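Colleague:
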Amino acid sequence: MTKMFNQDIVSSFENKETPFYYYDLSLLKNTLKQCAEAANPYKFHVHFALKSNFNQQILTIIKENGFGADCVSGGEIKKAVQVGFNAAQIVFAGVGKSDTEINYALDQNIFSFNVESVQELEVINELAAAKGKTAKVAIRINPNVDAHTHHYITTGLDENKFGINSWDLPLVAETLKKCAHLSFIGIHFHVGSQIMDMNVFKSLCIKVNEMQLWFEERGMPVKVLNVGGGLGVDYQNPDKNPIPDFKAYFKIFNDFLTVKPHQEVHFELGRALVAQCSSLISKVLYIKNGIKKNFVILDAGMTELMRPALYQAFHKIENLSKLESESQISYDVVGPICESSDCFGKEVALPETKRGDLIALRTTGAYGEVMASAYNLRPDIRHVFSEELS
Ligand SMILES: *Cc1c(COP(=O)(O)O)cnc(C)c1O
1 MTKMFNQDIV
11 SSFENKETPF
21 YYYDLSLLKN
31 TLKQCAEAAN
41 PYKFHVHFAL
51 KSNFNQQILT
61 IIKENGFGAD
71 CVSGGEIKKA
81 VQVGFNAAQI
91 VFAGVGKSDT
101 EINYALDQNI
111 FSFNVESVQE
121 LEVINELAAA
131 KGKTAKVAIR
141 INPNVDAHTH
151 HYITTGLDEN
161 KFGINSWDLP
171 LVAETLKKCA
181 HLSFIGIHFH
191 VGSQIMDMNV
201 FKSLCIKVNE
211 MQLWFEERGM
221 PVKVLNVGGG
231 LGVDYQNPDK
241 NPIPDFKAYF
251 KIFNDFLTVK
261 PHQEVHFELG
271 RALVAQCSSL
281 ISKVLYIKNG
291 IKKNFVILDA
301 GMTELMRPAL
311 YQAFHKIENL
321 SKLESESQIS
331 YDVVGPICES
341 SDCFGKEVAL
351 PETKRGDLIA
361 LRTTGAYGEV
371 MASAYNLRPD
381 IRHVFSEELS
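Counting in UniProt numbering, the sequence shown runs from 1 upward without gaps.
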């Protein structure tokens, strides 16, 4: 087990202004390598979901490793293009694409629009016609598969706003046939995020098989099967499981998905590729002993890492200044922001903690830095890369 932090790394943090996101780039590169090595034997295509992390340096490394880009806004497409992702490897999802965003994506000749409603098909057709272009579209289908994850990050149930429900598919097929400026390339799914139960992906495969048959029976060849992302990571034991089991993950799709020779299988992974390579590093400002509780008050808050406040997410908390210590005290670890939800963990067992100690919030590479806000007029978020440590 290689730990993310040792005494040398912690010492090199001492003179840096906190809070900041620390990125272990060698862990990132190893993760990307293992993912590619697990996907390549099956010729699976993996796109990185930019919404989980759009740090320039991180994106550059991901692009250099051959991954495509999964974007959910015009801004993300722009960023992907700037970083140098190949337009033929950029896909665009999102339940509310604006005309400006669609026009921009058409100008960039992206690989495909993952379309989420009949009305959106009509709008893309109209905007493509005005440019004399044909837009490639995949239909995002709501698979009605329960991701068994937190309800805020479940997206694939009938009650969610994402995708097209199966009962609307006849209208979709009819619309596609009418729209001369759309080219139907395939079907797209995304069940949710932080999925640890591989049976969820098995259920998804069965759904995808059913759906591709539906289209092919109607004379609409399905070239691309896009199964989305959602593979989870071990938030409890980041040092023990720094890299997800990509082999087991891709094997499920190889075993249960019906793929014909002319078809391509696409994935859109976010969290699984970047979550573990980063920790948010913060300094203890104060220790406050209440009647029933001890509080550790950090210089990082929900403005730097919003996941705990937003969906009760767990991040492992470590006192880096007391790596060797054994005795533990229970603390509520909170931020400085004027909100009661600005709390990173209740009753967290930590060594006796003092003002000035360095604290790491682990597994913050996905949906961390990207969600930083200026609320309370907080300064811009900082980051430090392992390769620039002295
Ligand atoms: C968020 C998102 C992803 C990535 O999800 P992860 O859980 O980070 O892998 C993939 N596809 C779509 C359409 C998304 O919205």
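The C-beta atom is built at its ideal place from N, Cα and C for all residues, glycine as well.
From a predicted model like this one, the values you see are computed outputs, not experimental measurements.
Counting only the same chain and skipping the five closest in sequence on each side, list residues whose C-beta sits under 8 Å from that of phenylalanine 111.
Modeller: Contacts found: Gly68, Ala87, Ala88, Gln89, Ile90, Val91, Lys136.
Colleague: Tell me, please, which residues DSSP counts as bridged to glutamate 76.
Modeller: Per DSSP, none; premise fails for glutamate 76.
Colleague: How many whole angstroms separate the CB atoms of threonine 303 and serine 373, which I take to be in contact at a CB cut-off of 8 Å?
Modeller: Yes, they are in contact, since the Cβ atoms of threonine 303 and serine 373 sit about 5 Å apart, within 8 Å.
Colleague: Have a look at leucine 361 and alanine 180 and give me their C-alpha separation to the nearest angstrom.
Modeller: Rounded to whole angstroms, leucine 361 to alanine 180 spans 51 Å at the Cα level.
Colleague: With C-beta atoms as the reference, is arginine 382 less than 8 Å away from isoleucine 287?
Modeller: The answer is no: Cβ separation not under 8 Å.
Colleague: Measure from the alpha carbon of asparagine 199 to the alpha carbon of each residue in Asp168, Leu231, Gln212, then state which is nearest.
Modeller: Checked all of Asp168, Leu231, Gln212; the closest Cα to asparagine 199 is Leu231.
Colleague: When a residue counts only if its C-beta is closer than 5 Å to some heavy atom of ligand 1, which residues count, in chain order?
Modeller: Output, sorted by chain position: Ala49, Ser52, Ala93, His190, Ser193, Gly228, Gly229, Gly230, Glu268, Leu269, Gly270, Arg271.
Colleague: Which runs of the beta strand (DSSP E) fall wholly inside the region 198-269 and span at least 3 residues, in chain order?
Modeller: With a minimum length of 3 residues, the continuous beta strand (DSSP E) runs that stay inside the region 198-269 are 224-226, 264-269.
Colleague: Exposed or buried, which one is serine 248 when buried takes at least 16 other CB atoms within 10 Å?
Modeller: Position check: residue 248 holds alanine in this sequence, whereas serine was assumed. So alanine 248 ends up on the exposed side.
Colleague: Shorter than 8 Å from the beta carbon of isoleucine 164 to some beta carbon of chain B?
Modeller: You won't find chain B in this structure, because it holds only one protein chain.
Colleague: Taking 8 Å as the threshold, find out whether the region 299-316 comes into contact with the region 229-243 through three or more Cβ pairs.
Modeller: Touching, yes, given that three or more Cβ pairs across the two stretches are closer than 8 Å.
Colleague: Quick one, which of Pro221, Lys207, Gly365, Ile195 has its alpha-carbon nearest asparagine 165's?
Modeller: The residue with the shortest Cα to Cα distance from asparagine 165 is Lys207.
Colleague: Helix, strand or coil for lysine 33 per DSSP?
Modeller: In this structure, lysine 33 counts as helix in the three-state DSSP scheme.
Colleague: So the beta strand (DSSP E) phenylalanine 20 belongs to, where does it begin and stop?
Modeller: Where phenylalanine 20 is concerned, the enclosing beta strand (DSSP E) stretches over 20-23.
Colleague: Run through the DSSP bridge pairs and tell me what tyrosine 188 is partnered with.
Modeller: First, the amino acid is wrong: residue 188 is histidine here, not tyrosine. Histidine 188 is bridged to Arg140, Asn226.
Colleague: Assuming phenylalanine 162 and valine 72 make a contact with CB atoms under 8 Å, what is their CB distance in whole Å?
Modeller: Wrong, their Cβ atoms sit about 11 Å apart, outside the cutoff.
Colleague: Mapping DSSP to helix, strand and coil, what is isoleucine 287?
Modeller: In this structure, isoleucine 287 counts as strand in the three-state DSSP scheme.
Colleague: For the region 188-204 against the region 6-26, do three or more pairs of beta-carbon atoms, one drawn from each stretch, fall closer than 8 Å, so that the two count as touching?
Modeller: The region 188-204 is not in contact with the region 6-26.
Colleague: Ordered along the chain, which non-local residues of its own chain (more than five positions away) have a Cβ less than 6 Å from that of glycine 228?
Modeller: Excluding positions up to five away in sequence, the list reads Phe189, His190, Glu268.
Colleague: As a quick exercise: from Asp332, Val224, Phe246, pick the residue whose alpha carbon is nearest that of isoleucine 291.
Modeller: Among Asp332, Val224, Phe246, the Cα nearest to that of isoleucine 291 is on Asp332.
Colleague: Return helix, strand or coil for residue 393, following the three-state DSSP convention.
Modeller: Outside the shown range of the chain, which is 1 to 390, sits residue 393, and nothing can be said about it.
Colleague: Beta-carbon separation of asparagine 114 and alanine 128 under 8 Å?
Modeller: No; because the gap between Cβ atoms is not below 8 Å, this pair is not in contact.
Colleague: So leucine 225 and glycine 368 are in contact, right, with Cβ under 8 Å, and what is the actual spacing, rounded?
Modeller: Not a contact, Cβ separation roughly 30 Å.
Colleague: Buried or exposed, going by whether 16 or more other CB atoms sit within 10 Å of the CB of residue 392?
Modeller: The structure shown has nothing for residue 392, since the chain only spans 1 to 390.
Colleague: Looking only at C-alpha atoms, which of His266, Ala275, Ile141 sits nearest to asparagine 241?
Modeller: For the residues His266, Ala275, Ile141, the minimum Cα distance to asparagine 241 belongs to Ala275.
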